[in-house]
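Beneath this line is the structure, given in structure tokens, with notes to follow.
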Amino acid sequence: MPVVICPRCSNSVTLPDPWTALGYTCPHCHNSVRLSPPRLAQARPRRERPPKPQDTALASRPTRGPFARMTTVEGLVAVTVVVLIAISGILLSRAGVGRMLNLRQQEASQSSGSADARVPPESPARLGDIQVRITKVTVGKIPVKALGMNAVSEDVLLAVTLELMNVNPTKKMEYQSWSGTGSFIDRGDVTLTDDFGNRYNRITFGLGTQPVGALKRTESIYPNAVLNDVVVFEVPIAQATHLSLELPAQNFGDKGSLRFRIPMDFVTRVQK
Numbered sequence: 001m002p003v004v005i006c007p008r009c010s011n012s013v014t015l016p017d018p019w020t021a022l023g024y025t026c027p028h029c030h031n032s033v034r035l036s037p038p039r040l041a042q043a044r045p046r047r048e049r050p051p052k053p054q055d056t057a058l059a060s061r062p063t064r065g066p067f068a069r070m071t072t073v074e075g076l077v078a079v080t081v082v083v084l085i086a087i088s089g090i091l092l093s094r095a096g097v098g099r100m101l102n103l104r105q106q107e108a109s110q111s112s113g114s115a116d117a118r119v120p121p122e123s124p125a126r127l128g129d130i131q132v133r134i135t136k137v138t139v140g141k142i143p144v145k146a147l148g149m150n151a152v153s154e155d156v157l158l159a160v161t162l163e164l165m166n167v168n169p170t171k172k173m174e175y176q177s178w179s180g181t182g183s184f185i186d187r188g189d190v191t192l193t194d195d196f197g198n199r200y201n202r203i204t205f206g207l208g209t210q211p212v213g214a215l216k217r218t219e220s221i222y223p224n225a226v227l228n229d230v231v232v233f234e235v236p237i238a239q240a241t242h243l244s245l246e247l248p249a250q251n252f253g254d255k256g257s258l259r260f261r262i263p264m265d266f267v268t269r270v271q272k
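Here the sequence shown stands for residues 1 to 272, where the numbers follow full-length UniProt numbering.
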């Protein structure tokens, strides 16, 4: 129960019901006191914080980019175009690399003699510091030197006359004859074939006999000097239209081979 203080006598007075009593009489001084009805505490309404306004300008701003306002179909088309451009770039780069490799292989072939193309007889072929040219090809009985005396071969043969030139202005080259005469060790395999695949053996003569013009031993070729040699083979068949001659470069200390293509109309037939 609530307790109040009498305003006259200042004594404590216990009230029976503070919510319905409008007043009371002090039992001590019999003073009548009028009371105002108690005020009910009103609950303050809770203020909710308003939501933070969004940046509508930022939210409505369109995304910038190459595919920002494209439809699905347009996007697929654009992606396809990009992929095709990338593939084209890869193919072009590979083609460029392939052309570069081919050029390097051709340069290496010219320096190493591994080129597949065969040089015509009237054109010189070069490998390293040696340049070789076929001056003539003859079919008939070959003139030989037998023990210092002039003679001819018993059989009809094919003779290839070669001209070798050292194109190095400062280096002397050593050359072992492709004829195979005057040496017990043959460094390279000289081959002659025709367009039918027939292979013709190289001919060497007995001791003390060699073709006229053929070198007897290893010879030195000085800078810018020219040396001649003769290589003899079996006679080709009459049906052959051209011959392929391959001369190994190891006979002058290099690698690879010199290759010539000799048409039969370049061959001269010597009267018996």
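Positions of the beta carbon are idealized from the N, C-alpha and C atoms, including for glycine.
Reduced DSSP secondary structure (H/G/I, E/B, other) of residue i
i: PHE205; result: coil
i: PHE196; result: coil
i: SER32; result: strand
i: SER244; result: strand
i: GLN131; result: strand
i: GLY98; result: Confidence at GLY98 is low in this model, with a pLDDT of 47, below 50, so the placement of that residue is unreliable and no value is reported for it.
i: ASN251; result: helix
i: THR268; result: strand
i: ALA238; result: coil
i: GLU174; result: strand
i: ALA78; result: helix
Proximity of residue i and residue j at Cβ, strictly below 9 Å
i: ARG269; j: SER244; result: no
i: VAL267; j: ILE142; result: no
i: ILE134; j: LEU162; result: yes
i: TYR24; j: SER12; result: no
i: THR204; j: ALA146; result: no
i: PRO121; j: VAL137; result: yes
i: ARG259; j: ALA78; result: no
i: ASP254; j: LEU127; result: yes
i: VAL160; j: VAL152; result: no
Per-residue burial, residue i [other beta carbons within 10 Å of its own, 16 or more giving buried]
i: VAL230; result: buried
i: VAL132; result: buried
i: ALA225; result: exposed
i: ASN201; result: exposed
i: GLN271; result: exposed
i: GLY206; result: exposed
i: ALA238; result: exposed
Whole-angstrom C-beta distance between residue j and residue i, which should lie under 8 Å
i: ASN150; j: PRO223; result: Not quite, the Cβ-Cβ distance comes to about 33 Å (not below 8 Å), so this is no contact.
i: VAL190; j: PRO248; result: 7 Å
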